[in-house]
Ligand code: GP9
Ligand code: MN
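Numbering (our numbering), first residue to last: 3 to 691.
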């Protein structure tokens with residue numbers, strides 16, 4: 003047996019040597035390259051594009067030179083390119099050019115998408131272009147960068163090579179059918195072999211995450227952009243297919259999840275707001291970072307600062323949005339469910355049954371409504387707000403929107419609130435109890451309509467004594483001219499609008515017996531470098547402090563994630579709470595927490611009443627990351643940041659990972675399979691029996 007192995011080894015070694023010698027002597031590589039210039043140019047340019055995409059998005063050496071995605075991309079390109087050989091040489095350029103454009107398009111779209119969403123593109127989201135269109139200008143202004151155009155170099159190179167080859171009579175070569183078939187087959191086999199090699203190197207974790215698809219960065223990092231995109235298209239179709247099959251399994255896991263989940267309900271806040279009116283504000287892109295902040299002694303948000311002190315202020319509160327941004331925030335706030343893993347609930351699953359603030363309060367005799375001065379079809383609100391149980395949606399059609407009273411995406415917040423007061427007065431006259439959600443618009447990226455905001459300086463002014471001994475003012479630009487600086491100006495305007503609104507509510511008796519709630523819908527996607535400037539500004543150089551300098555504050559990707567928090571404020575004129583809640587809390591905890599105060603309950607909430615769970619709370623994000631008072635866990639990287647400096651046990655991480663995965667899964671099933679719809683459940687039972 004041993005001898006046999008030895009013999010085979012010797013033979014293989016001999017054969018390999020002979021092959022290498024042949025390759026060397028007969029210049030096979032050189033000859034291959036010479037005869038397949040077009041195919042190779044296509045391969046190399048597309049491979050460079052996908053590598054460049056990883057470089058621009060994930061930014062680490064390890065990421066963009068990783069072996070696995072290169073191998074995966076190469077295999078896909080070889081397989082796709084192999085069919086070009088079926089064509090006669092003169093027709094091949096068209097084939098490779100079409101492929102080149104297709105693969106370049108994938109890279110460009112992902113590059114732009116990543117800048118905006120810090121994630122890779124999803125076909126289900128891109129199919130929603132009608133919802134993206136109104137913010138298209140914001141995208142063009144802020145997102146399209148020079149790097150996104152670099153991908154076009156690939157097709158340009160292919161065209162140049164084609165012109166060169168044409169001149170050299172390259173396409174005049176005659177290739178018989180048999181020869182063409184052989185070339186195709188050989189190339190195809192090479193691609194297939196590479197795919198097999200790639201597949202055997204995969205770990206079970208990688209395969210598992212590939213199947214789930216939501217951990218997008220992780221998949222691009224392991225499988226390359228081309229396989230990722232193909233998998234994404236399949237995954238985007240999956241919800242439609244899934245809702246046709248697998249109902250029983252989903253229902254079973256749903257029942258198991260909620261079985262025995264009875265939790266403590268009562269606390270000191272139970273029913274304190276029972277029967278009161280509710281005016282809730284969905285504050286566009288309002289981030290906690292703008293609150294309790296001042297420039298030259300002037301507060302960015304004086305009005306919010308006042309009510310957060312008097313009311314309940316949840317200062318470690320996080321939005322849990324996915325690609326559905328504003329609509330996902332509304333979904334999670336209203337229903338305590340997470341955004342769907344594919345598509346968006348507002349668009350793809352608007353016809354499901356939801357247990358939400360409006361539907362629950364309606365049962366208690368409330369008149370429920372929403373107000374937003376944008377197009378009613380944006381995010382499919384016109385339909386989805388009905389599913390959530392709103393009696394009426396006051397959309398753009400009910401507001402007077404003119405150029406003069408608009409800022410950024412549409413009607414300015416000041417004007418929106420002014421016109422809403424008239425509507426609110428009528429509502430109050432007609433209804434005993436009401437619940438309303440007002441969705442603001444002005445504080446939406448790109449925050450560039452600076453001239454239309456109230457003047458607000460984000461510089462540093464200092465009194466200095468000059469050489470002649472005279473006191474004068476010195477101005478350091480600080481945040482002026484930065485996106486974050488403009489953001490503060492925009493938030494200052496939004497705060498002033500809120501201040502005017504609160505005053506008008508008071509003047510019209512609309513604050514009597516009323517609870518005022520405000521949440522930031524999601525972060526403002528501000529550049530990291532601007533935070534660095536905010537924290538580490540060096541006045542002397544108008545640059546940044548060095549790591550070694552005194553007062554330097556680290557701002558890494560964890561700090562960035564932690565700073566994405568948004569405010570939640572619950573305030574009423576009738577009672578001063580003066581309470582700051584610092585335990586971590588997610589948007590999905592609002593319905594259980596505020597619901598308990600209002601005397602309503604959603605049995606199928608995924609969040610918790612923060613006053614019952616307190617420091618044991620966990621905020622699960624749609625991408626699988628999660629946050630507790632102890633750590634921020636990055637599930638893509640399998641790494642975490644300890645928040646209190648204490649060591650974290652592996653069991654803790656395993657348990658929370660399991661919890662998060664289960665929660666995301668159940669939430670998704672509840673929406674996709676319409677599990678809260680009892681009629682559907684009955685029908686399924688009938689069919690099954
Ligand atoms: C549009 C507004 C903004 O009506 O709610 O939506 P977003 O771009 O934040 O998802
Ligand atoms: Mn929004």
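Using N, Cα and C, we set each Cβ at its ideal position, and we do this for glycine too.
- Taking the Cα of residue 376 as reference, the smallest distance to any Cα among 330, 440, 427, 318 is reached at 440.
- Taking residue 418 as reference, the option from 95, 379, 407 with the minimal CA-CA separation is 407.
- The C-alpha of residue 627 is placed about 12 Å away from the C-alpha of residue 219.
- Rounded to the nearest whole angstrom, the C-alpha separation of residue 638 and residue 35 is 39 Å.
- With a threshold of 7 Å, the Cβ atom of residue 524 counts as near the ligand MN, since some heavy atom of the ligand is closer than that.
- A distance below 8 Å between beta-carbons, with the five flanking residues on each side excluded, links residue 548 to the following residues of its chain, in chain order: 554.
- One Cα belongs to residue 206, the other to residue 212, and the distance between them is close to 10 Å.
- Relative to the ligand GP9, residue 490 has its C-beta separated by 7 Å or more from all heavy atoms.
- Residue 40 and residue 30 have their C-alpha atoms some 17 Å from each other.
- In the DSSP annotation of this structure, the continuous segment of the alpha helix (DSSP H) that includes residue 59 starts and ends at 39-60.
- At the C-beta level, residue 285 and residue 523 come within 8 Å of one another.
- The Cβ atoms of residue 520 and residue 602 do not sit closer than 8 Å to each other.
- Around the C-beta of residue 584, fewer than 16 other C-beta atoms lie within 10 Å, and the residue is accordingly described as exposed.
- In the displayed model, residue 361 falls within a helix according to three-state DSSP.
- Cβ-Cβ separation between residue 678 and residue 672: approximately 6 Å, consistent with a contact (criterion under 8 Å).
- One Cα belongs to residue 586, the other to residue 316, and the distance between them is close to 8 Å.
- Bridge partners of residue 296 according to DSSP: 301.
- The count of Cβ pairs closer than 8 Å, one atom from the segment 89-102 and one from the segment 256-275, stays below three, leaving the stretches out of contact.
- For residue 92, the closest C-alpha among the options 480, 172, 610 is that of 172.
- In this structure, residue 328 has its beta carbon less than 7 Å from a heavy atom of the ligand MN.
- Not one heavy atom of the ligand GP9 lies closer than 7 Å to the C-beta of residue 209.
- According to the DSSP secondary-structure assignment, residue 280 is paired through a beta bridge with 437, 517.
- Of the residues 625, 527, 631, the one whose Cα lies closest to the Cα of residue 617 is 631.
- A distance of 8 Å or more separates the beta carbons of residue 442 and residue 527.
- Residue 380 has its Cβ nearer than 7 Å to a heavy atom of the ligand GP9.
- Comparing alpha carbon positions, the residue from 282, 304, 73, 273 closest to residue 197 is 73.
- Pairing residue 413 with residue 401 gives a Cβ-Cβ distance under 8 Å.
- Taking residue 175 as the centre and dropping the five residues before and after it, the same chain places the C-beta of 91 closer than 6 Å to its C-beta, in chain order.
- Taking a cut-off of 8 Å on C-beta distances, the segment 185-200 touches the segment 77-87, as three or more cross pairs fall below it.
- The DSSP assignment places no complete run of the alpha helix (DSSP H) inside the segment 70-100 (cut-off: 4 residues).
- Secondary structure of residue 209 (DSSP, three-state): helix.
- Residue 372 has its Cβ no nearer than 7 Å to any heavy atom of the ligand MN.
- With the rule of 3 Cβ pairs closer than 8 Å, the segment 556-568 counts as touching the segment 525-543.
- Exposed is the label assigned to residue 576, since fewer than 16 other Cβ atoms lie within 10 Å of its Cβ.
- In the DSSP assignment, residue 314 is bridged to 572, 581.
- Looking only at 568, 188, 318, 264, the smallest Cα-Cα distance to residue 84 is reached by 188.
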